[in-house]
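The listed protein sequences correspond, in order, to chains A and B.
Here the first sequence is numbered in our numbering, starting from 106 and rising by one per residue.
Here the second sequence is numbered in our numbering, starting from 134 and rising by one per residue.
Ideal Cβ positions, reconstructed from N, Cα and C, are used throughout, including at glycine.
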Amino acid sequence: MKILVMVKQVPDTATRIRVGGDGASIASDGIKWVINPYDEFAIEEALQIRERLHGEVVVVSVGPQRVEEAIRQTLAMGVDRGVHVKTDVALDSYQAAAALAAVARQETFDLILTGKQAVDDDAAQVGPLMSVLLEVPQVTVVLKLSINPDTQRLIAERELEGAIEVVELPYPAVITAQRGLNEPRYPTLPNIMKAKKKEIRVELLESLGIDVVPKVRITALTEPPARPVAKILTGDPLEAAEQLVNLLHHEAKVL
Amino acid sequence: MHFDLTPEEVMIRDAVRDFAEGVVAPNASKRDETGEVPFAIMQQMGSLGFFGIPFAEEWGGSGANTMSYALAVEEIGRVDASLGLGFAAHVSLGCSPLYYFGSDAQKRQFLEQAIKGVYLAAFGLTEPEAGSDAGGTQTKALREGEHYRLNGTKIFITNAGHAGYIVATARTDPASRKISSFIVPHDTAGVSVRCDYTKMGMRSSETCEIHFDDVVIPAEYRLGAEDKGFHQFLDILDGGRISIGALSVGVAEASLQASLAYANQRRQFGKALNEFQAIQFKLADMAMEVELARTMVHKAAWLKDRHRPYAKEAAMAKLYASEVAMRASSEAVQIHGGAGYMNDFPVERYMRDAKLLVIGEGTSEIQRMVIARYLLQEQNS
Ligand SMILES: Cc1cc2nc3c(=O)[nH]c(=O)nc-3n(C[C@H](O)[C@H](O)[C@H](O)COP(=O)(O)OP(=O)(O)OC[C@H]3O[C@@H](n4cnc5c(N)ncnc54)[C@H](O)[C@@H]3O)c2cc1C
């Protein structure tokens with residue numbers, strides 16, 4: 106079983122995001138970068154599949170130099186090796202999917218796993234676009250995955266609004282992971298020490314023949330309106346409750 | 134010279150921090166109240182390789198170094214000093230004697246399981262009549278053919294209740310002060326362990342009294358040569374001081390972070406506390422001292438990793454960092470005012486925990502004696 110896991114490095118959700126000087130991207134100084142949380146479920150699932158069925162888990166990530174750190178973290182979790190598609194250009198979803206699909210073609214694969222979306226732009230497009238580009242089936246928002254290597258088929262449970270859908274499909278395929286698929290492991294310290302000896306192959310974006318003109322351009326980025334100062338009601342509980350109801354009715358207009 | 138950690142050291146620190154925040158922090162205050170020892174968490178730390186950080190892969194270690202170990206102890210200590218103490222005592226006092234002085238057979242039989250976290254390991258040095266003067270050991274181990282018979286009492290021993298073995302110091306000749314050390318499996322007949330002290334702080338670390346009552350162990354369980362125990366435990370304590378220094382930095386850092394957060398949120402006289410210069414000066418002093426303490430701990434760890442003499446620096450690191458932890462935690466309570474005195478905030482726990490740091494593994498007075506001894510030696514050489 107050869108599994109590719111597509112991983113994106115994103116700002117830590119606890120980081121305060123500010124708009125950059127160009128008004129169309131975020132200011133990158135002071136940001137702590139982490140692996141997209143949904144991709145962590147994909148990594149964990151790949152490692153569990155490898156533990157059951159053997160094979161290889163390869164992580165692929167697109168981005169600037171700093172992305173190497175995210176790849177090293179996945180190696181410390183137990184991933185076998187990494188491919189870093191290096192570029193300083195910010196890509197749109199289609200370009201990212203095209204770059205990842207190009208690597209997938211080079212590498213060949215039985216499964217591609219990735220997060221259902223990246224928490225930075227929330228576009229949720231890269232998984233589905235890869236499946237189209239690679240002409241393989243896909244299942245998104247997966248909560249449970251079982252694999253039958255004899256029949257080369259997968260059974261996946263997907264989360265729908267108020268229901269669970271069970272689908273069956275052949276693989277190679279693209280799977281996008283939802284929270285709940287598993288509980289990502291902590292890296293073990295011996296694996297952290299071994300991570301530095303594992304291979305990270307660097308591939309320049311230009312060498313993959315990807316169209317560098319984006320299909321989607323971000324024209325403006327604005328911060329959400331500042332939150333008004335909180336009102337704290339003190340004193341007699343009965344009066345405070347009355348005041349609260351009043352405020353909810355007339356000021357917040359939520360009742 | 135440079136001050137950067139290696140990429141592996143950063144990754145280890147971050148991995149331990151994630152674990153500390155995700156698994157250790159949530160019930161740390163509750164455990165302080167109940168005194169519950171989180172053995173399951175300690176076993177998880179073992180399976181993740183935390184206990185093997187400074188040890189070679191050959192013995193099930195993680196193959197990292199003292200610096201990484203210091204970073205890990207700081208991170209655990211920052212959220213739960215009791216667990217940090219259990220961690221530091223297990224690795225530095227319980228595992229290290231076997232790692233440095235044990236035979237291959239002893240390592241295979243005892244050390245590998247301790248590193249995996251199957252059980253903990255304890256170091257029994259302190260006795261009712263031998264505290265700071267640890268050479269005053271009264272426990273006896275009398276040779277009887279291929280065995281030793283141990284009799285004596287150890288007090289204040291960390292982790293002994295969950296220990297698979299206890300490294301115990303004892304005198305083989307009642308007429309001389311020469312000391313040897315022994316590996317005593319916890320289930321040997323005549324070993325009794327009671328862990329029912331009621332402590333001021335470090336309340337969810339396990340502290341026990343051990344009685345050896347005609348305990349017979351095979352001679353192969355002696356650690357190293359006979360009469361080498363004194364030098365062995367001095368060496369072990371030197372290494373242990375780096376970890377207590379790191380633990381102290383953790384407590385001091387936690388005190389600083391709690392103070393920064395509270396001073397930002399609490400308002401008096403129409404202003405946030407952090408707008409008052411008196412509070413700013415406290416924060417500045419705390420931050421400076423935490424930084425200095427950490428730097429000294431790292432220097433001692435760095436020297437040890439390079440197999441250079443480090444004992445004086447380890448004593449300085451332990452002494453300075455533990456006293457910083459005392460000051461920082463006390464100032465943290467001060468900055469929190471009355472709220473800091475209540476257990477709704479963790480700072481009163483930090484203050485109680487910090488007091489152990491200036492006592493355990495050599496009191497501040499003993500550290501000063503150690504440092505002075507090196508100074509005089511250097512002067513006379
Ligand atoms: C929570 C906890 C965990 C512990 N864990 C362990 C463990 O795992 N293993 C273990 O072996 N021990 C352990 N100890 C014991 C600890 O190491 C000793 O308590 C410590 O070394 C001090 O010894 P003492 O308590 O006998 O104090 P004493 O030696 O009686 O000292 C009392 C006071 O006198 C001072 N003093 C003593 N001698 C001198 C001198 N020559 N000059 C100036 N001042 C002096 C001391 O600094 C101190 O202030 C633990 C203790 C605690 C509280």
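Going by other Cβ atoms of all chains shown within 10 Å of its Cβ, with 16 needed for buried, is Q239 of chain B buried or exposed? Result: buried.
On the CB-based measure, 16 or more other CB atoms within 10 Å of its CB, does L158 of chain A come out buried or exposed? Answer is exposed; the Cβ neighbour count stays below 16.
Could you tell me whether the Cβ of K301 of chain A comes closer than 8 Å to any Cβ of chain B? Yes, contact with chain B.
Have a look at H223 of chain B and L244 of chain B and give me their C-alpha separation to the nearest angstrom. Taking the straight line from one Cα to the other gives about 11 Å.
Using the three-state DSSP reduction, which class does P159 of chain B fall into: helix, strand or coil? Here P159 of chain B sits in helix by DSSP.
Cβ shell of I122 of chain A (< 7 Å), same chain only, five flanking positions each side left out: Result list for I122 of chain A: P116 and I131, in chain order.
In the structure shown, what three-state DSSP assignment does K113 of chain A receive? Here K113 of chain A sits in coil by DSSP.
Can you tell me which of A:R306, A:L326, A:K336 and A:I148 puts its alpha carbon nearest to the alpha carbon of V208 of chain A? Considering only alpha carbons, the answer is A:R306.
Using 8 Å as the cut-off, can you tell me whether the stretch 380–391 of chain B makes contact with the stretch 249–266 of chain B, which would need three or more C-beta pairs spanning the two stretches below that distance? Short answer: they don't touch.
Going along chain A in order, which residues have a C-beta closer than 8 Å to the C-beta of M144 of chain B? In chain order: R177, Q178, A181, P292, I297 and A300.
Determine which residues share a DSSP beta bridge with A267 of chain B and list them. In DSSP, A267 of chain B forms no bridge with anything.
Which first and last residues belong to the alpha helix (DSSP H) in which G471 of chain B is found? For G471 of chain B, the enclosing alpha helix (DSSP H) covers residues G471 to Y474.
Three-state secondary structure (DSSP) of H354 of chain A: The answer is helix: DSSP assigns H354 of chain A an H, G or I state.
Could you tell me whether the stretch 427–440 of chain B touches the stretch 357–370 of chain B, where touching means 3 or more Cβ pairs closer than 8 Å? Not touching, per the Cβ criterion.
Residue from A:E145, A:L259, A:R155 and A:R290 with nearest C-alpha to V272 of chain A: Nearest of A:E145, A:L259, A:R155 and A:R290 to V272 of chain A, Cα basis: A:L259.
What in chain A is Cβ-close to A197 of chain B, meaning under 7 Å? Per Cβ cutoff of 7 Å: L294 and M298.
Please report the distance separating the alpha-carbon of M175 of chain B from that of R506 of chain B. Taking the CA atoms as reference points, M175 of chain B sits about 37 Å from R506 of chain B.
Ends of the beta strand (DSSP E) at Q153 of chain A? The continuous stretches of beta strand (DSSP E) do not include Q153 of chain A, which lies in the alpha helix (DSSP H) extending over residues P142 to L158.
So what does T192 of chain A bridge to, in DSSP terms? Beta-bridge pairing by DSSP links T192 of chain A to no other residue.
Can you pull the chain A neighbours of P140 of chain B, defined as C-beta to C-beta under 8 Å? Proximity of chain A to P140 of chain B at the Cβ level (cut-off 8 Å) is accounted for by E174, R177 and K301, in chain order.
Proximity test, Cβ basis, 8 Å: F183 of chain B and chain A: Chain A contact via Cβ: present.
Mind checking whether the beta-carbon of S381 of chain B lies closer than 7 Å to any heavy atom of ligand 1? Flag unset: Cβ of S381 of chain B not near ligand 1.
Could you check whether the Cβ of K332 of chain B sits closer than 7 Å to any heavy atom belonging to ligand 1? For ligand 1, at least one heavy atom lies less than 7 Å from the Cβ of K332 of chain B.
What is the C-beta distance between V194 of chain A and V165 of chain A, in whole angstroms, given that I count them as a contact (C-beta under 8 Å)? Taking 8 Å as the upper bound for CB-CB distance, V194 of chain A and V165 of chain A are not in contact here, some 17 Å apart.
From the DSSP output, read off the bridge partner residues of E339 of chain B. Per DSSP, none; premise fails for E339 of chain B.
For the alpha helix (DSSP H) that G297 of chain B lies in, which residues bound it at each end? That residue, G297 of chain B, is in no alpha helix (DSSP H); its beta strand (DSSP E) goes A296 to R304.
Secondary structure of V170 of chain B, DSSP reduced to three states: It is coil, neither helix nor strand.
Give the DSSP-derived three-state secondary structure of S251 of chain A in the structure shown. In this structure, S251 of chain A counts as strand in the three-state DSSP scheme.
Among residues of its own chain, excluding the 5 on either side of I136 of chain A, which ones have a beta-carbon nearer than 6 Å to its beta-carbon? Closer than 6 Å at the Cβ level, and outside the excluded window around I136 of chain A, lie P116 and T120.
Interface residues of the stretch 145–168 of chain B facing chain A [CB-CB below 9 Å]: Those would be I145, D147, A148, V149, D151, F152, G155 and V156, in chain order.
For V503 of chain B, report the span of its beta strand (DSSP E) as first-last. V503 of chain B: not part of any beta strand (DSSP E); member of the alpha helix (DSSP H) spanning S497 to N513, first to last residue.
May I ask whether a heavy atom of ligand 1 can be found less than 7 Å away from the beta carbon of E498 of chain B? Short note on E498 of chain B: C-beta closer than 7 Å to some heavy atom of ligand 1.
Contained beta strand (DSSP E) runs [length at least 3] in the stretch 199–270 of chain A, N- to C-terminal order: Runs of the beta strand (DSSP E) inside the stretch 199–270 of chain A: 216–220, 243–253 and 258–265.
Decide if the stretch 224–239 of chain B is in contact with the stretch 336–352 of chain B; the criterion is three or more beta carbon pairs, one per stretch, under 8 Å apart. With the cut-off at 8 Å, the stretch 224–239 of chain B and the stretch 336–352 of chain B do not touch.
Does any residue of chain A bring its CB to less than 8 Å from the CB of I186 of chain B? Chain A places a beta carbon closer than 8 Å to that of I186 of chain B, counting this residue as a contact.
Name the one or two DSSP bridge partners that N284 of chain B has. DSSP output for N284 of chain B lists B:K273 as bridge partner(s).
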